[in-house]
Each structure stands twice: as structure tokens, then as C-alpha cells.
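I have placed the structure first, in the form of C-alpha cells, so that the comments after it can refer back to it.
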Amino acid sequence: MTSSDMISIETLLNNPNIETAIADINSETLDRRAFVPQICKVFSNSFISLEDQPQYRFTINREAQKQLPDIIHNHVEKLVCGLSDNEAGKRYFFKKRNIGIVFSGGPAPGGHNVVAGVFDAAKKANPESKIFGFILGPEGILENRYVEITKELVDTYRNMGGFTMIKTGRTKINSKQKMALSKEACQELSLDALVIVGGDDSNTNAAFLAQELKFHGIQVIGIPKTIDGDIQIRTEDGETLCAISFGFHSAARAFAQNISNLCTDASSDLKYWHVCKVMGRVASHLALEASLQTHSNLTLIGEDLADYVDKTRLQKAQEKGEVDYTAYGMTLRHLSRLICDAIVKRAAKGKNYGVMIIPEGVLEFINEIQIFIIKLNTIIAQYNQIHDLDFHTTFHSLDAKLEYLRRLSRGITEKQASPIWNPRDDELFNDLPSFFQEGLLVERDTHGNFQFSQVNTEKIIMDMVGDYLHILKEKGDYKVGIEDTRFHYIMERANLDPELIGKTIFRNYKDNNNTDYNDRYYLIKKNIISVKTLKQALVNAEILTDDDKVPSPILEIFKKSVPNFKTQSHFYGYDGRGSNPTKFDCNYTYNLGLTAFALIANGTTGQMAVIKNLEHNFDRWEPLGIPIGKLMHLEERSGKLALVMEKNIVDTNTNSFRIVKAMREKWLAADDGDDHYRKPGPVRFQGKSEEDKPLTLVLNSISGE
Ligand code: FBP
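All residue numbers for the sequence shown refer to my numbering, where the first residue is 16 and numbers rise by one.
Structure below.
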């Protein structure tokens with residue numbers, strides 16, 4: 016086409032079909048926005064009351080009792096239809112109120128529906144009520160930056176992913192001054208209530224704010240958000256009140272979809288091990304769910320590694336009448352050996368490829384790393400406190416940080432030798448690769464948490480794996496198995512005797528005299544590790560003379576048996592966090608918003624809105640309010656014990672974990688058969704999907720009866 020034949024760009028851009036095709040808003044978005052989430056039965060009533068549920072008990076932390084005296088005695092509340100003769104209750108429920116809402120921490124799919132739920136319920140109860148969204152997370156509260164949420168704004172973001180509507184941030188309201196600023200901001204807007212949509216740390220904030228603002232007539236309600244899935248609430252008697260935080264399902268489905276595609280790729284060209292790091296700052300829930308959805312060949316679960324006991328080492332020590340404490344827990348070295356073992360086994364069956372899932376927070380469960388993290392947390396926190404300076408600003412470069420640690424270990428810095436960092440720590444730390452040292456020294460987040468997402472976890476592990484595989488290769492232990500039919504085909508095509516060559520070069524060749532082996536894959540003998548040693552074996556068997564060259568078909572077989580370990584790294588985190596919510600999360604979050612409003616309209620504070628029975632069919636979903644104060648415990652933060660909401664890591668006694676463990680061998684597929692990859696259904700919004708809730712939830716809810 017010559018330029019004179021071309022339609023002008025103006026004409027093109029004004030063509031209605033082109034306008035539709037390139038519009039920012041596509042039909043998928045319009046369909047999403049129009050989706051009306053299902054609502055729990057109780058919300059079909061216009062007036063909702065609360066009913067105390069004293070049967071749900073929690074072990075209360077003493078410190079929580081001290082620090083949160085006015086919210087600690089709250090009960091679990093069930094939402095029920097209000098009585099028609101409760102006039103005072105009705106007046107309170109339907110009164111005009113101002114409600115603030117804030118997102119806190121990392122985005123999670125479904126957040127916008129929480130806003131939509133609060134907005135719809137508040138406007139339905141009283142159209143004069145106003146909802147304000149604080150911009151950029153808790154920082155918006157401190158700086159009093161907000162936007163009034165309108166119907167138009169809510170409608171734009173219904174069922175859409177991200178926290179784009181009002182943004183989010185990780186600022187922590189952790190000082191008297193910040194509390195005072197928060198109170199001022201709420202009072203300036205004449206807020207009756209504030210809804211905090213966040214994870215464990217943000218709900219901790221919510222509890223303290225609730226305590227602080229209670230006598231100023233401002234209620235605070237928390238919402239369990241985080242893709243990490245570590246907000247799970249059980250009573251003292253083990254009854255589940257909240258099976259999972261919102262966002263988990265959508266993120267896990269997005270990760271699983273990508274990982275499953277990699278399984279297809281890996282098993283197509285057979286040349287890569289895909290190493291998939293998946294988010295979850297500490298807990299491995301996302302990795303576990305992705306494993307169940309994809310049947311990837313190898314999935315590390317941090318919590319499982321922490322439980323590891325080296326029985327051989329323990330026994331050796333026992334024989335000497337000693338206890339070897341280092342036998343408990345996993346070391347990085349041992350972990351790399353376990354991974355190598357899996358890789359070598361698969362290679363022996365001709366599968367020098369695969370897909371492995373590494374949870375982002377796995378290092379938290381590795382003994383030596385955990386010790387470094389705790390020590391460095393304390394050192395950084397102490398430095399900031401003693402010097403009233405910021406460690407990371409003062410010691411900008413890695414060298415400066417290392418120099419400080421070196422001085423600390425020798426007692427030059429803080430007048431006397433540090434009890435935390437001794438010369439041995441310094442020596443061990445200096446043995447780590449610099450990118451990892453840098454990772455361990457990264458700035459902690461505002462809550463004092465170690466930022467695992469900033470560390471190249473998979474690189475640390477895979478570098479060690481690569482090194483050890485190299486050793487195994489040199490020793491002749493890491494070889495790619497040669498398929499029986501292929502070997503015969505190549506030999507026969509070249510008029511070579513497969514029996515003679517097979518016996519000479521393979522350690523498990525099945526010939527008429529060797530009935531021990533019945534493998535489909537042959538492994539080159541351990542001592543044949545080069546063309547030279549190959550030739551030697553052939554000469555020794557009198558197949559070749561010293562002057563002969565190794566025939567090319569035999570060379571071809573040998574080359575195929577030499578493994579080339581190639582990896583591709585992938586990080587699944589921010590992408591899934593920003594994905595559109597699944598139907599499960601759309602329904603879940605909208606009902607959380609409705610629940611939050613009902614709690615507010617009944618005058619409660621310091622409660623977290625949850626939906627019980629998420630693991631069951633929708634008709635069994637039950638909205639509740641749970642006292643946040645009762646979920647608190649003491650935890651090490653920035654080198655000190657702090658009262659925070661307890662998070663849940665993977666429980667290795669659950670059905671889901673036990674099933675993954677039981678399937679490990681099968682999914683590794685280090686055998687003659689095919690891989691067992693599972694294709695999770697597409698993340699669909701329209702139509703019926705069989706993947707309508709997290710598999711971990713489904714499995715964990717199945718009892719023996
Ligand atoms: P929240 O707990 O705040 O929801 O965030 C979880 C998370 O997505 C983790 O999975 C991840 O480690 C971390 O946030 C990443 O944080 P950042 O957004 O600061 O990089």
C-alpha cells in the first residue's frame with residue numbers, strides 16, 4: 016500500500032468501530048461493573064440487629080486486656096433481622112451518619128466492593144448519609160486528605176480489582192501524635208465511624224484507634240484483607256469464624272493460571288525448570304493453593320520446612336549420648352540438597368525440566384536466616400532508638416552497613432561488644448553473597464516487618480542448587496535418562512548392536528541376562544562423565560580400539576544424557592494482587608461492606624466484619640462481627656515485643672497440607688509416566704466456573720464423617 020492509499024489517521028480514529036476497539040473501557044469492564052453480587056439472606060431485611068454469640072470464646076492476652084480495656088470485652092455478634100417494635104434501635108440504625116473508609120497495606124482484589132457494600136447499605140438506611148474515602152491509606156487520615164464517595168465513583172469501580180479508587184499506603188498510626196491527628200481528621204469530617212480495610216497490622220491499628228476514639232463517639236470497624244490469606248479466625252474451641260481474608264482467592268487463581276501455563280510450556284520443549292516465587296510475606300498459603308490448583312512438580316511450604324528434623328543426625332548424636340539441636344529445622348544447604356534430589360530423580364526419567372513453586376517468605380522458616388533477620392531487626396531498631404536517626408539513611412551503602420556491623424561485632428561502636436552481633440555472626444554474614452546481604456539489610460516496612468518481596472529468595476536458593484547439581488554432575492550422579500525405544504532406534508538406524516553398546520554404557524540396561532532392571536529409561540554409567548571416559552568404556556569392552564573414534568550415534572546418546580540445568584525465574588505477586596476479583600471475592604467483599612455498615616448502625620466498635628462458612632455454599636454464609644482485641648497477641652516487632660493481631664501460617668495438620676504432602680511423590684512424577692499437571696479453570700467472570708472457591712478451603716472443610 017502506498018502512502019497515498021492510506022486512510023488518514025484522523026479518519027481512522029473517528030471510525031466508530033475503531034473508537035470502540037481502542038476505548039479505555041471494554042465490554043468486559045462494563046459487564047463487571049454491571050454484576051450484582053449475591054447478598055446474604057439477612058441483608059434482605061432493611062433493619063438489622065445484632066445478637067451476642069458468647070459461645071465463641073477466645074483466649075485473651077493479658078497485655079491486650081491492659082491496653083484495650085474498653086473493647087476487649089466485646090462479644091462475637093451475629094447479624095439478625097431487627098425486631099419491628101425496637102423503635103430506639105430503628106432510629107439509631109436509620110440515622111444519618113458520616114462514615115470514613117480507608118484501604119491499608121497492599122492491594123487485594125475486592126476492596127472496591129467493600130466500599131460499594133458500605134456505600135449501598137448506608138445510603139439505603141439513610142440517603143443523607145455520607146461516605147468519605149481517605150486517600151493513599153492511613154496517610155490520608157493523618158493529612159486529612161479525602162474524597163466524598165459518590166454513586167458515580169462507586170459504580171465505576173464495582174467488581175474491579177485494585178484499590179485505585181482511593182489508593183492505599185502502609186503508614187502506621189503508631190504514636191500519640193498520629194492518634195491525635197487521626198482523631199482530628201475524623202472530627203473535622205464529623206465521622207460517626209471509620210472502616211479500616213487491611214491485614215493483621217492494619218486491624219491492629221483499627222483496634223487501637225477503636226480504643227482511642229471510643230469516648231469521642233467514633234466507631235472503628237476492621238475488614239480482613241490480604242492476598243496472603245493469613246487472616247483466618249478460629250475460636251478457642253477450633254471453630255472457624257473466618258476461613259480466609261479477601262483477595263486470596265483471586266490472587267491464587269491468577270498465580271495458578273500463569274503457573275499452569277508454565278507447566279504446559281515446560282512439558283512441551285523439555286528444556287527449563289521454571290522457578291516460580293509466589294507472594295505471601297511469611298505464610299505459604301498462596302503457594303499451597305497454587306500447588307493444589309496446578310500440581311506443579313515441586314512446591315516448598317515454609318511451615319513444613321520449619322518442622323523438619325534430621326533424624327540421621329539426631330540418631331548419631333543420640334548414640335554418643337548427646338543431643339544435636341542443629342538437627343531441628345532446615346538449613347539453606349539442606350534445602351538445596353532436597354531440591355537437587357528432586358531434579359536429579361526427574362532427570363533420570365528423561366525429565367530434565369519441571370515447575371517449582373517457592374513461597375516468597377520461605378527464608379523466614381530457614382533457621383540460620385531467621386536468626387539473622389531477628390538479630391538485624393533488633394540492631395536496626397536499637398540504632399534508630401539510641402541515635403534518634405534512621406539506620407538506612409545514615410548507612411546508605413551496603414559497605415557502610417557492613418562496616419557498622421563489623422565494628423559492632425568488635426565492640427567499637429556501642430562502647431561494649433554487642434551481645435547480639437558477635438564476630439562469628441559477622442563472619443557468617445560476610446560469607447553470604449552481597450545481593451543477599453543487601454536483601455537482609457533492606458529497610459523494614461512501617462510495621463517493622465521484614466520485606467521478603469524485596470529479596471531475591473529464588474536466586475539465593477537456586478544458586479546453591481546450581482552449585483550442588485554441578486558437583487553431582489561431576490560425580491556422575493546427575494544424568495538424563497535415555498528412553499529405551501529411542502536408544503534402540505538410534506542404534507539400529509546406525510547398524511550398531513544395542514545389546515552390546517547398552518550393556519557397556521548404561522548402568523541399568525535390560526538385556527537377556529540382566530532381569531534386575533526393567534526401566535524405560537537408561538542411565539549412563541556413573542564413571543562415564545566425558546567423551547574420554549566414554550571411549551575408555553568402549554575400548555575396555557573391546558568395541559573400539561584405541562585408534563577408533565567414538566561412533567557419532569553413541570556420542571549422540573552420550574550428549575543427550577549430559578544435563579544442562581536451565582532455569583527461568585518468575586515472580587507472581589503484584590500481578591495477582593492487581594487482578595480483578597473472582598466472583599467469590601466479589602460476593603465476599605460486597606457482603607463484608609454490608610456487614611461493616613450493620614455493625615456501625617448497631618453502635619459497635621473494635622469489631623472486625625467477617626463472613627462465617629465461606630467454605631460452604633453461599634446460602635450458608637453468615638455475617639458476623641468479631642472483637643479484634645481478642646485476636647491480639649505479643650510478637651517481636653522492630654526488636655521489641657508488640658501487641659498485634661495474630662496471623663495464621665499454614666497449619667501442617669490441615670487436610671490441604673496433608674494432601675499436598677501425600678501427593679508430592681506423584682506430582683514430582685520422577686517415574687516413567689507422564690506429569691500430572693492440572694489445568695485450573697480460567698478465571699472467568701461470566702458463566703459457571705467449577706473453581707468457585709479456594710481449594711484449600713474446600714479440602715479443609717471436609718471432615719472424616
Ligand atoms: P498486605 O498484607 O498488606 O495485604 O500485603 C501483602 C503483600 O502483598 C505480601 O504478599 C508482600 O510480601 C507484600 O505485600 C509486598 O509489599 P509491598 O507492596 O510493600 O512491596
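The beta-carbon is built from N, C-alpha and C at its ideal position, and this holds for glycine as well.
Remember, it's a predicted structure, so these values are computed and weren't measured experimentally.
Under the three-state DSSP convention, the category residue i falls into
i	result
Thr604	helix
Pro142	coil
Pro438	helix
Met21	coil
Phe147	strand
Lys490	coil
Trp636	coil
Thr179	coil
Leu570	helix
Asn542	coil
His691	coil
Gln333	helix
Ala208	strand
Thr560	coil
Pro709	coil
Gln701	coil
Separation of residue j from residue i, as counted between CA atoms
i	j	result
Thr279	Asp689	12 Å
Arg77	Gln70	21 Å
Asn510	Leu277	39 Å
Val625	Gln247	10 Å
Asn579	Met371	17 Å
Glu514	Asp339	50 Å
Leu378	Tyr398	24 Å
Lys198	Thr461	20 Å
Ala552	Asp562	14 Å
His402	Thr409	10 Å
Arg425	Thr74	44 Å
Lys550	Leu559	8 Å
Gln330	Leu347	21 Å
Phe178	Val117	10 Å
Leu570	Arg361	22 Å
Asp207	Gly155	17 Å
Leu487	Ser351	12 Å
Ala396	Val297	20 Å
Glu650	Asn382	18 Å
Val210	Ala657	23 Å
Endpoints, the alpha helix (DSSP H) within which residue i is located
i	result
Lys193	191-203
Asn218	215-228
Gly125	No alpha helix (DSSP H) contains Gly125, which DSSP labels as neither H nor E.
Lys105	102-108
From the options, residue whose alpha carbon lies closest to that of residue i
i	options	result
Asn670	Ile116, Lys655, Leu712	Leu712
Ser144	Val169, Ala281, Asn113	Asn113
Trp288	Ala38, Gly481, Ile116, Phe109	Gly481
Asn60	Ala79, Cys96, Ala49	Cys96
Lys166	Met180, Ile505, Gly253, Glu680	Met180
Ala200	Phe230, His127, Glu158	Glu158
Lys564	Lys575, Lys547, Ile87, Lys574	Lys547
Ile164	Gln192, Val133, Ile520	Val133
Gly702	Asp46, Ile40, Gly253	Asp46
Asp414	Gln397, Asn437, Asn445	Asn445
Gln53	Lys105, Asn128, Phe73, Ala36	Asn128
Ile13	Val91, Ala616, Lys331	Outside the shown range of the chain, which is 16 to 720, sits residue 13, and nothing can be said about it.
Ala281	Asn715, Leu714, His691	His691
Gly214	Leu206, Thr619, Asp245, Ile381	Asp245
Val659	Phe50, Ile40, Gln82	Gln82
Gly148	Leu204, Gly120, Ala140	Leu204
Ile717	Glu418, Ala79, Ile674	Ile674
Arg72	Asp440, Ile641, Lys110	Ile641
His594	Ile259, Gly126, Phe573	Checking the sequence, you will find Ser at residue 594 rather than His. The residue with the shortest Cα to Cα distance from Ser594 is Gly126.
Val290	Tyr537, Gln622, Ile476	Ile476
Val107	Tyr419, His300, Gly618	The residue asked about is misnamed: residue 107 is Tyr in this sequence, not Val. Considering only alpha carbons, the answer is Gly618.
Boundaries of the beta strand (DSSP E) in which residue i is found, first to last residue
i	result
Val95	92-96
Phe12	Limits of the chain in this structure are 16 at one end and 720 at the other, which puts residue 12 out of reach.
Cys355	Premise fails: Cys355 lies in the alpha helix (DSSP H), 347-363, not in any beta strand (DSSP E).
Met623	622-627
Glu66	63-67
heavy atom of ligand 2 below 8 Å from residue i C-beta
i	result
Gln466	Ligands present in the displayed structure are limited to ligand 1, and ligand 2 is not among them.
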